[in-house]
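Protein chains in written order, with the working numbering: chain A, 1 to 291; chain B, 1 to 206.
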Amino acid sequence: MRKITQGISMVGVAALALSLVGCTAMDGQRKRRATSSVVEYLFPNKAVKVVPSVPYLALPLKVGMAFVPEVASSPNSWRRNQGNRLNERERMDLMDRVAAEFKALPFVDDIEIIPSAYLRAKGGFENLDQIKTMHGIDVIVLLSYDQVQHTDDSVFSLTYLTVVGAMVVEGERNDTSTMLDAAVFDIASRKMLFRAPGTSQVKARAAPLHLEEELRKDSFTGFGLAADQLIVNLKDQLTRFQAKVKERPEEYKVVHRKGYSGGTGGGSTGAVYSLLLLALGSFALWRNRTK
Amino acid sequence: MAKQDEVAGRFPVVTLSVAVLAGIVYWSPSLRELLVYDREAVLGGAVWRLFTAPFVHFSASHIFWDVLVFGAAGCLIETAGCRRFWLLCAAVAILPGPLLFLFSDLGRYGGLSGLSTGAASYLCLCRSQADGEKGKIWHAILVLILLKTAVELAVQEPLFAKADRIPFRVLPLAHIVGLLTASFLFFYDRLGERIALTNNGGAKSG
Chain A
1 MRKITQGISM VGVAALALSL VGCTAMDGQR KRRATSSVVE YLFPNKAVKV
51 VPSVPYLALP LKVGMAFVPE VASSPNSWRR NQGNRLNERE RMDLMDRVAA
101 EFKALPFVDD IEIIPSAYLR AKGGFENLDQ IKTMHGIDVI VLLSYDQVQH
151 TDDSVFSLTY LTVVGAMVVE GERNDTSTML DAAVFDIASR KMLFRAPGTS
201 QVKARAAPLH LEEELRKDSF TGFGLAADQL IVNLKDQLTR FQAKVKERPE
251 EYKVVHRKGY SGGTGGGSTG AVYSLLLLAL GSFALWRNRT K
Chain B
1 MAKQDEVAGR FPVVTLSVAV LAGIVYWSPS LRELLVYDRE AVLGGAVWRL
51 FTAPFVHFSA SHIFWDVLVF GAAGCLIETA GCRRFWLLCA AVAILPGPLL
101 FLFSDLGRYG GLSGLSTGAA SYLCLCRSQA DGEKGKIWHA ILVLILLKTA
151 VELAVQEPLF AKADRIPFRV LPLAHIVGLL TASFLFFYDR LGERIALTNN
201 GGAKSG
């Protein structure tokens with residue numbers, strides 16, 4: 001009886017050990033990545049050199065916004081499900097949030113959210129020219145992202161190739177690392193006006209049983225947090241860009257569309273005039289009291 | 001009762017309300033977007049934007065200088081017990097929007113500068129009358145306001161204000177409305193006072 005019990009125990013231990021080995025083996029190489037790249041979209045052919053010219057920004061600007069197409073996944077990526085890929089509705093929601101920042105700008109006439117279907121993979125500026133004609137826009141905000149969820153034991157990092165260089169975001173096991181990037185281009189001149197990134201890291205909470213569900217939630221949270229940071233950076237970059245346009249008129253030509261009187265219609269009293277009025281008013285009051 | 005009225009007239013309720021409202025709108029991007037004069041939105045039925053635009057500002061310096069001048073002039077007018085000031089504010093807030101809509105194709109508009117000009121002009125008119133011979137400096141300030149508005153109208157460029165965020169063209173319409181409304185209210189009141197005086201004199205002599 002004792003032997004039978006011992007035998008059952010050993011089989012149980014062996015089964016448990018095997019199952020753990022199985023889990024490790026199965027999870028050891030797991031990684032899922034969803035990525036889209038502005039570089040791959042705009043410069044698919046390295047032989048063709050794109051030379052940007054001086055942009056003529058006609059105010060108020062007509063702006064478009066779109067996500068660049070996703071990059072085909074590498075063969076060792078975990079593609080059994082596509083949990084961390086953004087669907088069209090999620091893209092639209094994210095774009096609406098970012099677009100709100102542009103809508104608030106007085107020199108932006110309108111911002112057009114362009115569905116992903118209009119952007120061809122590796123479409124380049126030829127594709128943007130078509131979109132410009134189709135939607136009547138001058139400037140486009142190209143959104144791209146890179147999200148990695150690893151479930152192996154090793155420390156990993158996310159390397160994202162932006163138009164201004166590679167960006168590295170460190171990550172740990174089961175963490176979700178997300179990079180969201182907004183690059184603003186003047187289509188006609190091929191000139192990048194400015195860019196703003198947003199990154200996030202969602203710490204792993206997943207228990208093996210609910211791994212899939214948790215990773216999906218983390219993926220969504222990761223995009224949301226990256227968008228929050230992107231919006232903050234975008235405000236900063238917009239301010240810097242406006243200053244740059246004023247400081248370097250030879251690099252950025254600003255023209256007014258017919259009938260456009262600027263966003264701050266009504267003007268402002270301005271510092272000099274306000275101080276002059278206040279000084280004269282104060283002097284008048286003081287003079288009246290002293291006499 | 002008379003004393004209560006006097007105290008109520010001395011507290012700058014209208015000025016503070018307008019300044020606080022402008023501040024609230026400035027700090028809330030969604031409110032700003034909801035209240036700004038936007039020609040397309042007005043055409044789409046958002047008629048309130050015609051009247052709420054003066055409370056919308058586009059930058060920190062824009063609101064700071066507008067509210068500073070309006071606040072200083074408004075407080076002086078109200079603490080002097082002028083009860084018509086609310087009428088001036090209401091008229092200058094209401095009039096420019098419909099005028100812009102009818103006579104200009106301006107896309108967006110916002111700012112208290114019309115009210116600031118109106119308040120400063122009204123203060124100058126009231127004080128110049130109250131101070132009599134000593135009030136010449138108020139005349140000088142009024143002339144300065146008139147000249148500034150006239151030059152801006154002629155050259156279509158801001159004389160003093162510089163856009164700190166984007167290039168913009170000056171829009172003197174709101175300033176002209178402020179100036180004219182202030183003058184109209186002031187002279188209307190003086191006319192009313194004269195008629196009342198004449199009637200009282202007539203009644204006494206009769």
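Quick reminder that beta carbons are idealized off the backbone N, C-alpha and C, glycines included. Just so we're clear, the structure is a prediction, and the values are computed from it rather than from any experiment.
Distance CB(residue i)-CB(residue j) smaller than 8 Å
| i | j | result |
| --- | --- | --- |
| B/VAL67 | B/LEU112 | yes |
| A/ASP109 | A/LYS62 | yes |
| A/SER182 | A/LEU215 | The identity of residue 182 of chain A in the sequence shown is Ala, whereas the question assumes Ser. No, the pair does not count as a contact, with Cβ atoms beyond the cut-off. |
| B/GLU138 | A/ALA284 | Residue identity differs from the one stated: residue 138 of chain B is Trp in this sequence, not Glu. A contact, by the Cβ cut-off of 8 Å. |
| B/ALA174 | B/GLY135 | no |
| B/PHE58 | B/GLY110 | yes |
| B/TYR122 | B/LEU180 | no |
| A/GLU40 | A/LYS122 | yes |
| B/LEU88 | B/ALA154 | no |
| A/THR199 | A/THR178 | yes |
| B/VAL18 | B/PHE70 | yes |
| B/ALA119 | B/GLY74 | yes |
| A/PRO55 | A/TYR252 | yes |
| B/ARG32 | A/ALA226 | no |
| A/VAL50 | A/PHE43 | yes |
Among the options, the one whose alpha carbon lies nearest that of residue i
| i | options | result |
| --- | --- | --- |
| B/GLY15 | B/PRO29, B/SER59, B/SER116 and B/ASN200 | Residue identity check: residue 15 of chain B is Thr in the sequence provided, not Gly. Selected option, being the one with the closest Cα: B/SER116. |
| A/LEU128 | A/ILE111, A/MET92 and A/VAL68 | A/VAL68 |
| A/SER37 | A/THR133, A/ARG120 and A/TYR145 | A/TYR145 |
| A/GLY64 | A/SER282, A/ALA121, A/THR35 and A/ILE140 | A/ILE140 |
| A/VAL48 | A/MET179, A/LEU285 and A/GLY124 | A/GLY124 |
| A/PHE107 | A/PHE43, A/SER116 and A/VAL254 | A/VAL254 |
| A/LEU143 | A/LEU57, A/GLN149, A/ASN288 and A/ILE113 | A/ILE113 |
| B/ALA22 | B/SER61, B/ALA196 and B/CYS126 | B/SER61 |
| A/GLN149 | A/PRO44, A/ARG32, A/GLU250 and A/GLY136 | A/ARG32 |
| B/ALA171 | B/THR149, B/ALA182 and B/SER183 | At residue 171 of chain B the sequence reads Leu, which differs from the Ala that was named. For B/LEU171, the nearest C-alpha among the options comes from B/THR149. |
| A/LEU238 | A/VAL184, A/VAL272 and A/LEU180 | A/VAL184 |
| B/GLN129 | B/PHE70, B/ARG190 and B/CYS89 | B/ARG190 |
| B/LEU77 | B/LEU147, B/LEU125, B/ALA140 and B/LEU197 | Checking the displayed sequence, the identity of residue 77 of chain B turns out to be Ile instead of Leu. It is B/LEU125. |
| A/ASP131 | A/LYS103, A/GLU88, A/GLY281 and A/ILE187 | Correcting the residue type first, residue 131 of chain A is Ile in the shown sequence and not Asp. Minimum Cα distance to A/ILE131 is reached at A/ILE187. |
| A/ASP228 | A/LEU277, A/GLU90, A/PRO197 and A/ARG287 | A/PRO197 |
| A/PRO115 | A/LEU180, A/LYS235, A/GLY270 and A/GLU90 | A/GLU90 |
| A/ASP93 | A/ALA66, A/ASN233 and A/GLU247 | A/ALA66 |
| A/ARG85 | A/LEU180, A/GLY281 and A/PRO249 | A/LEU180 |
| B/ARG127 | B/SER104, B/GLY81 and B/GLY178 | B/GLY81 |
| A/GLY136 | A/GLN147, A/ASN87, A/LYS235 and A/ILE111 | A/ILE111 |
| A/LYS235 | A/PHE102, A/LEU275 and A/GLU247 | A/PHE102 |
| A/GLY281 | B/PHE11, B/ASP131 and B/GLY97 | B/ASP131 |
| B/GLY178 | B/PRO12, B/LEU142 and B/ASN200 | B/LEU142 |
| B/GLY97 | B/ILE145, B/SER28, B/ILE176 and B/LEU144 | B/ILE176 |
| A/VAL202 | A/ALA99, A/LYS217 and A/ALA117 | A/LYS217 |
| B/VAL13 | B/THR79, B/ARG32, B/VAL47 and B/SER28 | B/THR79 |
| B/PHE11 | B/VAL47, B/VAL20, B/LEU147 and B/ARG83 | B/ARG83 |
| A/ALA117 | A/VAL98, A/GLU88 and A/VAL272 | A/GLU88 |
| A/VAL98 | A/ASP138, A/VAL232, A/GLU213 and A/ASN45 | A/VAL232 |
| B/PRO152 | A/TYR273, A/LEU119, A/GLU247 and A/MET134 | Note that residue 152 of chain B is Glu in the sequence shown, not Pro. When each option's Cα is compared against that of B/GLU152, the closest is A/TYR273. |
Whole-Å CB distance - residue i paired with residue j, under 8 Å assumed
| i | j | result |
| --- | --- | --- |
| A/SER53 | A/ARG195 | No, A/SER53 and A/ARG195 are not in contact; Cβ-Cβ is about 19 Å, not under 8 Å. |
| B/TYR26 | B/ARG108 | Not confirmed; about 15 Å, so no contact. |
| B/PHE55 | B/LEU35 | 6 Å |
| B/ARG39 | B/LEU102 | So it is not a contact: roughly 11 Å between Cβ atoms. |
| A/GLN147 | A/ALA34 | 5 Å |
Beta-ladder partner(s) of residue i, from DSSP
| i | result |
| --- | --- |
| A/GLN229 | A/GLN229 is not bridged to any residue. |
| A/ALA66 | A/LEU142 |
| A/ARG32 | A/GLN149 |
| A/ARG195 | A/ALA183 |
| A/ASP110 | A/LYS62 |
| A/SER200 | A/THR178 |
| A/LYS253 | A/TYR56 |
Q. Do the region 46-66 of chain B and the region 79-98 of chain B meet, that is, are 3 or more Cβ pairs less than 8 Å apart?
A. With a cut-off of 8 Å, the region 79-98 of chain B and the region 46-66 of chain B count as touching, because enough Cβ pairs lie within range.
Q: Report yes or no: do the region 220-227 of chain A and the region 240-249 of chain A share at least 3 C-beta pairs separated by less than 8 Å?
A: Between the region 220-227 of chain A and the region 240-249 of chain A, the count of C-beta pairs closer than 8 Å stays below three; the two stretches do not touch.
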